[in-house]
Every structure is written in C-alpha cells, then in structure tokens.
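As numbered in my numbering, residues 1 to 185 make up the sequence shown, in order.
To start, the structure under review is shown below, and the notes come after it.
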Amino acid sequence: MTREKALELIEKRIKNKNSIKHMLATEAIMKALAEYFEEDVEIWGLAGLLHDLDMEDEESLADPCQHANRSAKELEAMGVKKEITNAIRAHNPQSGKRAETLIEKCLYATDPLTGLIVASTLVLPSKKIADLRLDSLLRRFKEKRFAMGARREGIAACSSFEMELEDFLEIGLKAMQGISSDLGL
C-alpha cells in the first residue's frame, strides 16, 4: 500500500480531524525512528499512519480488544505486509498481540508520545510546537497528573528498544515539529 492509498482510506474512515493529526504525528515519529535504526522508512511510516484506522468503528469502540485487530485483518486482506499489521496489533495492549519486534515496540511507545507532545504544546502561551523545548517536555512527562491519557508506561517502553527516554522524546518532538503545519501547531 502506498502512503497516498493509506491517506485515502483514512479520509474515508476517520472523521475526527484530531484523530487524523494523531495518525500523521505517529507516522512522522515512526519514520524518524526508522531512520535512527536504519530500518525501512516507508514500512514504519505506514504502520504509524494506519495504526488507528479502526478507532471510530462501532465494534472497536464497543470492545477495546477489537481495536487494531479489526483494521489489521482488513489491511491484510488488502495485501498490506504482516510487519505493518503486526505492529498495528501490538500497539494496543488489549489486542492480545505483544510488542516483540523493533517496529512493534517503537509503535507501542510512540502512540502515547504524540498526545504528551500535543498537550505540552497546547499549554504554551504561543501554542506552537516550535516553542516546545525538550526540557519542558521531559518535565511534563514526569508530571503524572498532566495529560493523564498519555500512558507514561507506554512512552517509557522506549527502554525495550534500548533508547533513553530523553533521546526518544527528542526524536519524537523533532519529528512532530517537522510537520507542524499538518498538525496545526
């Protein structure tokens, strides 16, 4: 599947603009991580872009265990590589698929990071991601009551792919700053 096809699919399925921005942010971070680890940027980007394709489906909303499994099955039927669909499954701990490979571990950790970065940006006076500094993001990570939906244990799972938290936050922040216009930040 090409990025263009993935974007068409997302436009048909996802109505919430913030959800689309989250998927774009996840794609950007996954691409940056692929570059860092010298992996396939296209495959990693697609995993990030498509990871929440079923987030607005009634079945996934009714049963969190179905989230990621439904879209992974659909994408496999469309010929999307197992490496991508397995990563999609593994990003949701309730799917039954554990994050085992590097791409799976990275997507699991990246998913909640986007929310922390957005929330940290929105409390700035400028509300501009270009103004968010790494030290501020690190402080926000440590504030357990801040952006509570951004699972800290998920973000901290960067240790499972032998990356220091500060390095992971920096890669994520720079990746999202690189697409700030797409994110409206």
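Just so it is clear, CB atoms sit at the ideal spot from N, CA and C, and this is done for glycine as well.
1) What residue range does the alpha helix (DSSP H) around Leu-185 cover?
2) With respect to the alpha helix (DSSP H) encompassing Leu-132, which residues constitute its N-terminal and C-terminal limits?
3) By alpha-carbon positions, which one of Gly-45, Gln-94, Glu-42 ends up nearest to Leu-61?
4) State the Cα-Cα distance for the pair Gly-79 and Ser-126, rounded to the nearest angstrom.
5) Could you give the DSSP three-state label for Leu-33: helix, strand or coil?
6) Report the three-state DSSP secondary structure of His-67 (helix, strand or coil).
7) Identify whether Gly-172 lies in helix, strand or coil by the three-state DSSP scheme.
8) Distance check for His-67 and Gln-177, CA to CA, integer angstroms please.
9) To the nearest angstrom, how far is it from the Cα of Leu-183 to the Cα of Gly-96?
10) Looking at the structure shown, is Met-78 part of a helix, part of a strand, or coil, going by DSSP?
11) Rounded to whole angstroms, how far is the Cβ of Leu-24 from the Cβ of Ile-179, which I believe are closer than 8 angstroms?
12) What is the DSSP secondary structure of Ile-186, reduced to helix, strand or coil?
13) Let's see if you can read the secondary structure: which residues bound the alpha helix (DSSP H) around Leu-61?
14) Decide yes or no for the touch test of the stretch 35-55 against the stretch 100-112: beta carbon pairs closer than 8 angstroms, at least 3 of them.
15) Helix, strand or coil: which one does DSSP assign to Asp-40?
16) Helix, strand or coil: how does DSSP classify Gly-96 here?
A quick look at the data gives this:
1) Boundaries cannot be given for Leu-185, as no alpha helix (DSSP H) includes it and DSSP labels it neither H nor E.
2) Run containing Leu-132: none; DSSP gives neither H nor E here.
3) Comparing Cα positions, the closest option is Gln-94.
4) The straight-line gap from Cα to Cα measures roughly 43 angstroms.
5) Here DSSP, grouped into helix, strand and coil, assigns Leu-33 to helix.
6) In the structure shown, His-67 sits in coil (DSSP, three-state: anything other than H, G, I, E or B).
7) Three-state result, Gly-172: helix.
8) Per the coordinates, the alpha-carbon of Gln-177 lies some 28 angstroms from the alpha-carbon of His-67.
9) Leu-183 and Gly-96: Cα-Cα distance of roughly 31 angstroms.
10) Under the three-state reduction of DSSP output, Met-78 falls in the coil class, being neither helix nor strand.
11) Contact between Leu-24 and Ile-179 holds: their C-beta atoms lie close to 6 angstroms from each other, under 8 angstroms.
12) What the structure shows of the chain is the stretch from 1 to 185, and residue 186 is not part of that stretch, so it cannot be assessed.
13) Here the alpha helix (DSSP H) through Leu-61 covers 58-62.
14) The stretch 100-112 and the stretch 35-55 touch, with three or more beta-carbon pairs separated by less than 8 angstroms.
15) Looking at Asp-40 - three-state DSSP - the assignment turns out to be coil, as it is neither helix nor strand.
16) Gly-96 falls in the coil class under three-state DSSP.
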